[in-house]
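These notes concern the structure reproduced below.
Residue numbers (the numbering used here): 26 to 289.
Quick look at the structure:
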């Protein structure tokens, strides 16, 4: 049975949690808008660079289908974002178990690394891209996996992440083809081959950059929703506690009055 002192203590605790969750909701709301704008600009840039790529002759490359697969898994560094990470990691496990080839994991995000490291070989781990997504950090990773693919270390590079539509998406990074435009009638300087060699890794980079942006945007959306629900639940609990508090207080006052009357 609660006493008045315990209830007041719980009310203060829950009130503090409500303030914290509301603050986290507001922070995620601001970050969500920021990353939505970045994602919009990224999609425009990707569209333009792919248009240029379609003008070029498609240079074929070979790869060994028997080699392992590299799976890039994008999660968050922190929790308190609902089922954002849980559903993704369950889907990742099913994908790995259903694959007949050996799979290496490139984990972007601490939550995914901590979970997957217990069961599967981690090829590489990076948490900085979630907090500090920039060209230098991304280029180091993309250049490495691109060269490993060209050298036949991997037969396939895939990525799994949470998209902005709150759906888990699985995309193939390499190998890929972009359909060439018909009758381009362009002259290139430098040569098509040189431009192709530059643009090909750039397209891979912008694709991965966009997928990470989508994941971060989805994370902030999930956290904003989770914190909103937590705040509402906290307010509801406080109302229930205050109701119990007032009821006990009335009972105590009534009891004291009856004791005084009885003493007279």
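All C-beta atoms, glycine included, are put in the ideal place defined by N, C-alpha and C.
Being a predicted model, the structure only gives us computed values, none of them experimental.
Item                                                                                                                                                                    : Value
Where residue 249 and residue 105 are concerned, what is the direct C-alpha to C-alpha distance, given to the nearest angstrom?                                         : 9 Å
Using the Cα positions of residue 169 and residue 42, report the straight-line distance between them to the nearest angstrom.                                           : 44 Å
Just confirm the distance between the C-beta atoms of residue 266 and residue 103, as a whole number of angstroms; I'd bet it's less than 8 Å.                          : Actually they are not in contact, since the Cβ atoms of residue 266 and residue 103 sit about 29 Å apart, beyond 8 Å.
Terminal residues of the continuous beta strand (DSSP E) containing residue 194?                                                                                        : 193 to 199
For the beta strand (DSSP E) containing residue 149, name the first residue and the last one.                                                                           : 147 to 151
Output needed for residue 115: all residues of its chain with C-beta closer than 8 Å, excluding positions within five of it in sequence on either side, in chain order. : none
For a quick check, are the C-beta atoms of residue 184 and residue 193 less than 9 Å apart?                                                                             : no
Can you tell me whether residue 137 is buried or exposed? The criterion is at least 16 other CB atoms within 10 Å of its CB, across all chains shown.                   : buried
According to the Cβ coordinates, are residue 100 and residue 188 closer than 9 Å?                                                                                       : no
Whole angstroms are fine: how far does the CA of residue 151 sit from the CA of residue 162?                                                                            : 9 Å
Contact defined as beta carbons within less than 8 Å: I believe residue 131 pairs with residue 148. What is the distance between those atoms, to the nearest angstrom?  : 5 Å
Rounded to whole angstroms, what is the Cα-Cα separation between residue 155 and residue 135?                                                                           : 9 Å
Find out if the Cβ-Cβ distance for the pair residue 140, residue 108 is shorter than 9 Å.                                                                               : no
Quick check on the DSSP output: what are the complete beta strand (DSSP E) runs of length 3 or more inside the segment 184 to 270, in order along the chain?            : 193 to 199
Between the beta-carbon of residue 190 and the beta-carbon of residue 47, is there less than 9 Å?                                                                       : no
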